[in-house]
Each structure stands twice: as C-alpha cells, then as structure tokens.
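Per the working numbering, the sequence shown runs over residues 4 to 327.
Beta carbons: idealized from backbone N, C-alpha and C, even for Gly.
Since the structure is predicted, the reported quantities are computational estimates derived from the model, not experimental observations.
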Amino acid sequence: MEKASFGARLLLPCVAAVALASAGSGRSAAAPGGGGSAPVTSKTAGGLGPIFPPTNPWNTDISKLPVHPDSAKFIESVGAGTGLHPDFGKSPESGIPFVVVGPKQAPVPITFTEYGDESDPGPYPISLDAPIEGGEKSEGDRHVLAVDPRSHKLYELYHAFRDGKTGWKAGCGAVFDLASDELRKAGWTSADAAGLPIFPGLVRWDEVQSGAIKHAVRFTVKKTQRGYILPARHFASRSTDASLPPMGLRVRLKAKVDVSKLPPEVQVIATCLKKYGMILADNGSNWFISGAPDPRWNDESLSRIKEIKGSDLEVVDTGPIVTR
Numbered sequence: 004m005e006k007a008s009f010g011a012r013l014l015l016p017c018v019a020a021v022a023l024a025s026a027g028s029g030r031s032a033a034a035p036g037g038g039g040s041a042p043v044t045s046k047t048a049g050g051l052g053p054i055f056p057p058t059n060p061w062n063t064d065i066s067k068l069p070v071h072p073d074s075a076k077f078i079e080s081v082g083a084g085t086g087l088h089p090d091f092g093k094s095p096e097s098g099i100p101f102v103v104v105g106p107k108q109a110p111v112p113i114t115f116t117e118y119g120d121e122s123d124p125g126p127y128p129i130s131l132d133a134p135i136e137g138g139e140k141s142e143g144d145r146h147v148l149a150v151d152p153r154s155h156k157l158y159e160l161y162h163a164f165r166d167g168k169t170g171w172k173a174g175c176g177a178v179f180d181l182a183s184d185e186l187r188k189a190g191w192t193s194a195d196a197a198g199l200p201i202f203p204g205l206v207r208w209d210e211v212q213s214g215a216i217k218h219a220v221r222f223t224v225k226k227t228q229r230g231y232i233l234p235a236r237h238f239a240s241r242s243t244d245a246s247l248p249p250m251g252l253r254v255r256l257k258a259k260v261d262v263s264k265l266p267p268e269v270q271v272i273a274t275c276l277k278k279y280g281m282i283l284a285d286n287g288s289n290w291f292i293s294g295a296p297d298p299r300w301n302d303e304s305l306s307r308i309k310e311i312k313g314s315d316l317e318v319v320d321t322g323p324i325v326t327r
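If you want it as structure tokens, here you go:
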C-alpha cells in the first residue's frame, strides 16, 4: 500500500496554542453508545491517542508550503465572496457524530449495498445504537463513525441503516489504521467521496476547548473536477473543467488575515486553518467545514466563521492531480 506523503514538501508539525477559556461540562460529540460503545466526553475524546502519525498529511503543518499556481482559479470557482460555513453545532443532528468502541463491543455484520467492491469487509465493532449523521430519519449521507482506541482502528460507514437484526447495511465502508500512514487503494472511495477518512478532519469540542486544533479540517464544495490529489484516492465527478477543484485539494487561511476580533472558539479554528489548512473531501455545499455535534457549542459564535471569505483563503501546492 502507498504511504501518505507530500514528498519533499512535507513539513513536520509543531504545536501552536490559542488561549480559550473552558466552558461547560457534560457530553460531547457522540450519543451514548450501548452494547459496549462508550459515551464520548471531553476527557475520553481527548484521550483517544494519536490520530495517525505526526508525518501524516492530516497532521502536517502546511503554513510554509508554496501557493498553488492555480490557487486564484480554484478559489474563484468555489466562491471568493462566499463565507466559510460551520456544518456542525449544538444539535445532535448538526454535524457528524462518532462513538468510541468499548471493550465489550462485539463486531457486527456489515452488508454493503452500493460500493462493496471498494469497501473493507466486515464485521465492524459498531454498536446498533451508534448515532447516524443527521439522525434516524436523515435522507443525507448518514455517516456512522466508530473509533477503537485499543486497536488503533477507525471504522466508517456511508449511507448506513440498521438491518433490523444484528448489523448494518451501508453503501460502503472503510477501516483505517490510526497508527499508519497507509492510503486506500488507488481509485477506491471510502465513507467519503475522496477516499479519505472522515473522523481526523472533524472539528471537535474537546480540541477547541484545549486551545488548539492540530490537524487539517474536512470541507466540501458543490462542484469538483475528475481528479484527486494525495492523500485523496478517488474522484467523484465527470467534469474535466480544470478550474474546478480536485478532491484532496489543500486550502489554508492566509497568514495576513486578522482573526483577533472573532469569538475565541472561532479563533482556534481560524488559527488551525492557517497552520494545517483544510482538505477537500466530498461534494456538498461550498466552503462547508465539518465538525462533530456537541451541546456545548455556541451556534451564534460559530456562525461568525462566515466572516472569513473565500478571498481570505489560498490553495497550497501538495502535489499533482491524478486523473485516472
């Protein structure tokens, strides 16, 4: 399997802190997980251990990488005047939830209904009461994520439904080794269109509360081209319009953008975007950034991230576009 890398452009990450007062207590990203899946709190979410090695592209400082020669073109195609949008919040149906796999959780069967030939076979240790993105009645992507800190594995499902018996039916599924930089097979999708893991790119309450997000953030745009940039492994478009962004595109907030007047939690996110940037992972709404729901989010404060416009961003050069 190919390893995730930016080659000569790969820079080792360093930690930057932003002061943020702690607020509130109680549950965070995921709903309670019965059947051996643990409730997720600031303590347990923060204690998951490393999410991929420091050398992994998700964890890499890209603040010094060169600007992509087609940066302006890509930014304009998505929307230079369009603001970022937090696609998560305090509602349990706002964002992408996750569960932490408990020691008593038995693997359950997974039946793939759409992309079984590009899925990692089950069973997966995902409890039947694991939360579904958008809620039980969602007509959207219905992602289900489960992190197992003991085995250092991440299990993700797309378009997931309980089979009414002992397992899940899903459009596709992927398993990631959180201790490895290995990528999926070239051309393979995952629970995300780009063939990337979802969980490592989520904005989580526990991270923001700590004062620093130390990884890239997942985001979506409406239209993409037929191509991808590593660590992405899959495209989800037939368009050959070179002005459209490819999957895996890495975007950062320009260093000169003043974020000091934004709410503290948004300053943490913005500082992350300057250092680690965000990675294009799926087709969706323009400049929507992904996070996990948590009742402690202040939706009004989060909405202030909309003050950051596409024109405040730039695309960084992390490698060639793969079109086959």
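Any idea what DSSP makes of residue i, helix, strand or coil?
{"i": "R327", "result": "coil"}
{"i": "V43", "result": "Summary for V43: the model assigns pLDDT 46, below 50, so the residue's position carries little reliability, and this model does not support an answer."}
{"i": "V318", "result": "strand"}
{"i": "K312", "result": "strand"}
{"i": "S293", "result": "strand"}
{"i": "H62", "result": "The question names His, but residue 62 in the sequence shown is Asn. Residue state, collapsed to three classes: helix."}
{"i": "R307", "result": "helix"}
Can you find the residues in the same chain that come closer than 8 Å, C-beta to C-beta, to residue i, ignoring five residues on each side of it along the sequence?
{"i": "D320", "result": "R12, L68, P69, V70, H71 and P72"}
{"i": "S25", "result": "At S25, the pLDDT of 32 sits below 50, so the modelled position is not reliable; the number obtained from the coordinates is stated separately. Result list for S25: Q212, in chain order."}
{"i": "P110", "result": "G125, P126, Y127 and P128"}
{"i": "S141", "result": "E96 and I135"}
So, at 7 Å on beta carbons, what are the nonlocal neighbours of residue i in its own chain, with the 5 sequence-adjacent residues on each side left out?
{"i": "P234", "result": "A7, P60, L186, L199 and G251"}
{"i": "N289", "result": "V81, G82, T85, V224 and K225"}
{"i": "D166", "result": "T114 and K172"}
{"i": "G38", "result": "The predicted position of G38 is uncertain, since its pLDDT is 45 and thus under 50; a value taken from the coordinates is nonetheless stated next. Correct list, in chain order: Q108, S130, L131 and D132."}
{"i": "W191", "result": "E121, G198, R236 and H237"}
{"i": "L87", "result": "W290, I292, I308, K309 and I311"}
Beta-carbon within less than 6 Å of residue i's beta-carbon, same chain only, minus the 5 sequence neighbours each way: which residues are those?
{"i": "F238", "result": "R229, G230, Y231 and M250"}
{"i": "K76", "result": "S246"}
Report yes if the C-beta distance between residue i and residue j is below 7 Å; otherwise report no.
{"i": "D184", "j": "P267", "result": "no"}
{"i": "V269", "j": "I216", "result": "no"}
{"i": "I292", "j": "V220", "result": "yes"}
{"i": "L160", "j": "V150", "result": "no"}
{"i": "P89", "j": "L305", "result": "yes"}
{"i": "T227", "j": "G174", "result": "no"}
{"i": "G176", "j": "P112", "result": "no"}
{"i": "L256", "j": "L205", "result": "no"}
{"i": "D195", "j": "D302", "result": "no"}
{"i": "W294", "j": "F91", "result": "Rather than Trp, the amino acid found at residue 294 in this sequence is Gly. Yes, the Cβ-Cβ distance between G294 and F91 is below 7 Å."}
{"i": "H146", "j": "L181", "result": "no"}
Could you check if residue i belongs to the surroundings of the ligand MN, using beta carbon to heavy atom distance under 6 Å?
{"i": "D184", "result": "This structure simply doesn't include the ligand MN, nor any ligand for that matter."}
> Just checking, does the region 272-283 make contact with the region 246-255 on the three C-beta pairs under 8 Å criterion?
Replying inline: Counting Cβ pairs under 8 Å, three or more are found: they touch.
> Where are the beta strand (DSSP E) runs, 3 residues long or more, that stay fully inside the region 216-247, in chain order?
Replying inline: Segments of the beta strand (DSSP E) lying fully in the region 216-247: 220-224.
>> For a minimum of 4 consecutive residues, which ranges assigned as the alpha helix (DSSP H) are wholly contained in the region 183-219?
In response: Taking 4 residues as the shortest admissible run, the region 183-219 contains the following complete alpha helix (DSSP H) segments, listed from N- to C-terminal end: 208-213.
> Unbroken alpha helix (DSSP H) runs of length 4 or more, entirely within the region 247-283: which are they?
Replying inline: Within the region 247-283, complete alpha helix (DSSP H) segments of at least 4 residues are found at 267-278, given in chain order.
>> If we require 3 or more residues per run, which beta strand (DSSP E) segments fall completely within the region 124-194?
In response: The qualifying runs are 147-151, 156-161, 171-173 and 175-180.
> Are there three or more Cβ pairs, one per stretch, closer than 8 Å when the region 295-303 is compared with the region 311-320?
Replying inline: Flag = no, the region 295-303 and the region 311-320 do not touch.
> Would the region 88-108 and the region 191-207 be scored as touching if the rule is three or more Cβ pairs under 8 Å?
Replying inline: Touching, yes, given that three or more Cβ pairs across the two stretches are closer than 8 Å.
> Which parts of the region 64-108 are runs of the beta strand (DSSP E), unbroken and 3 residues or longer, counting only runs that do not cross its ends?
Replying inline: DSSP runs (the beta strand (DSSP E)) wholly in the region 64-108: 88-90 and 102-104.
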